[in-house]
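As structure tokens, the structure follows; a few thoughts come after it.
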Amino acid sequence: MQNDNSKTAIESVLRVSTDIDLEMRRICLLIGILFRNRGNHPVEQPQIIINVSPTNVCEMNGRILSPQLIRVYGTYQKGGTQSGWKFVREDWLSYGRKNGEYAIESIQPLILQPDVWMELKDVQIACDINHLSAPLQVNAYILAHNQKYPILNPTSISFTL
């Protein structure tokens, strides 16, 4: 039986910069997700799940590799270990566009120590404004020990043009 001191708790926030090009009718969000372990014990291999809606309208890219491209395009550190972030699913693009959900994890084994901040940087979400039938919404959560820990500040952008 676990006591209250051993509970997992993850805190996360979304940083968003927005670029709206009215001439090209495009919106681009540059996002970063900061997260930390608020519990007393390390958390192994947390995943970041980003939800984008409406679905099938936006494109996601940035410094996240497809699982198939890690060996070719992965960033290597001294000693030959790889670093960076990857999509969890092999079919991340089709699954993400259809369901609006993108699962991301560290390429190298990640152990999130208590009170240590980590960041997923430079994720881009681009959409054609003409195809947005509803507000553009970005939400995320950290998945750790089969529990979902939502970000504190999901974002929503509406247009009236």
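Just so we're on the same page, the working numbering is the position in the sequence shown counted from 1, plus 23. Note that beta-carbon positions come from the ideal geometry of N, C-alpha and C, so glycine has one too. Values in this document were obtained by computation on a predicted structure and should not be read as measured data.
Three-way DSSP call (helix, strand, coil) for ILE152 in this model: It is helical.
Whole runs of the alpha helix (DSSP H) within the stretch 115-173, excluding any shorter than 4 residues: 115-122
For TRP115, the nearest candidate out of GLN105, GLY107, GLU128 and SER106 (CA to CA): GLU128
For CYS81 and ILE72, I'd like the C-alpha separation in whole angstroms. 16 Å
Does the distance from the CB of ARG86 to the CB of LYS30 come in under 8 Å? no
With a threshold of 16 other CB atoms inside 10 Å of the CB of MET24, please say whether the residue is buried or exposed. Unreliable positioning characterises MET24 in this predicted model, as indicated by a pLDDT of 38, which lies under 50. A coordinate reading is not provided.
CB-CB under 7 Å to ILE43, same chain, minus the five flanking residues each way: which ones, in chain order? ILE50
On a Cα-Cα basis, can you pick out the residue from ARG112, GLU142, ASN79 and GLN170 that is closest to ARG38? GLU142
Counting C-beta neighbours from all protein chains within 10 Å, is the total for PRO158 16 or more, i.e. buried, or is it exposed? exposed
Count the other CB atoms, across all protein chains shown, that sit within 10 Å of the CB of PHE58; report buried if there are 16 or more and exposed otherwise. buried
For LYS109 and ILE130, the rounded distance between their alpha carbons: Their backbone Cα atoms lie some 6 Å apart in a straight line.
Residue range of the beta strand (DSSP E) that SER35 falls in? 33-44
Test item: CB-CB of VAL139 and ILE148 under 8 Å: Taking 8 Å as the cut-off, the beta carbon of VAL139 is found no closer than this to the beta carbon of ILE148.
Give the range of the beta strand (DSSP E) segment to which GLY85 is assigned. Looking at the DSSP string, the run of the beta strand (DSSP E) that includes GLY85 is 81-85.
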